[in-house]
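For the sequence shown, this note's numbering gives the first residue as 4, with consecutive numbering after it.
Below is one structure, written out as structure tokens; the observations come after it.
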Amino acid sequence: GANDMASAANWIGMEALVQGPAKFDGDPVTLAPNPPIAADEVTLIVKNAQGTEVQRVPLPIGAEPFVWDGRKADGTTFNHGEYTFEIQSMSNGEVLLTEPALSYSRVTEARIDNGATLLVLDSGYMIFANNVIGLREPI
């Protein structure tokens, strides 16, 4: 009802921490890696909308947010569009885990679908509100 829509409207303009593609429009993308404690090497794997790996970036070991600036090794910027990110954690040269990275995306629309709140992100990606891991004011 109206109360559901009023509460759904509070999501609009916020940045949701989600698993899924992120839109790169020239502004940096904030990622939230969470490698296993046993990892001694952590790498960010960046893939374009076609699923092709376009970059690998060594990350600090830890759960601190990482800001991907969308720059290639030569300093030029990647094309604007949708990208997915994976975190590969290794120990002693062996892959422990490769998992999707969480990223912040701006919520542009909220819908009620069969009683559940569905969010539309600036990437065009849609996600149920109960799949959002974190929420913050835009930076």
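In this text, a Cβ means the ideal position worked out from N, Cα and C, and glycines have one as well.
Residue i versus residue j: straight-line alpha-carbon distance, rounded
{"i": "N37", "j": "G65", "result": "7 angstroms"}
{"i": "A119", "j": "I130", "result": "10 angstroms"}
{"i": "A132", "j": "E18", "result": "12 angstroms"}
{"i": "V45", "j": "V32", "result": "18 angstroms"}
{"i": "L100", "j": "M93", "result": "7 angstroms"}
{"i": "L122", "j": "Y128", "result": "8 angstroms"}
{"i": "H83", "j": "T55", "result": "15 angstroms"}
Limits of the unbroken beta strand (DSSP E) element including residue i
{"i": "E140", "result": "No beta strand (DSSP E) holds E140; DSSP gives it neither H nor E."}
{"i": "R109", "result": "L105 to D116"}
{"i": "Y143", "result": "Nothing can be reported for residue 143, as the shown portion of the chain is limited to 4 through 142."}
{"i": "T79", "result": "Here T79 belongs to no beta strand (DSSP E), and DSSP marks it neither H nor E."}
{"i": "V123", "result": "A119 to L124"}
{"i": "V70", "result": "F69 to W71"}
{"i": "I130", "result": "M129 to F131"}
Which listed residue (the options) has its alpha carbon closest to that of residue i
{"i": "G16", "options": "E112, V98 and E102", "result": "E112"}
{"i": "D125", "options": "E97, E85 and W71", "result": "E85"}
{"i": "A41", "options": "G96, F81 and V21", "result": "G96"}
{"i": "A52", "options": "G29, G73 and T87", "result": "T87"}
{"i": "V70", "options": "P39, L105, V57 and H83", "result": "L105"}
{"i": "G29", "options": "R139, N117, K75 and A12", "result": "K75"}
Nearest-angstrom beta carbon gap, residue j and residue i [assumed within contact, 8 angstroms]
{"i": "P63", "j": "L34", "result": "At roughly 12 angstroms, the Cβ-Cβ gap does not stay under 8 angstroms, so P63 and L34 are not in contact."}
{"i": "Q91", "j": "I48", "result": "6 angstroms"}
{"i": "P141", "j": "R109", "result": "6 angstroms"}
Which residue spans inside the region 14 to 56 form an unbroken beta strand (DSSP E) run of at least 3?
-> 18 to 22, 25 to 27, 32 to 35 and 44 to 50
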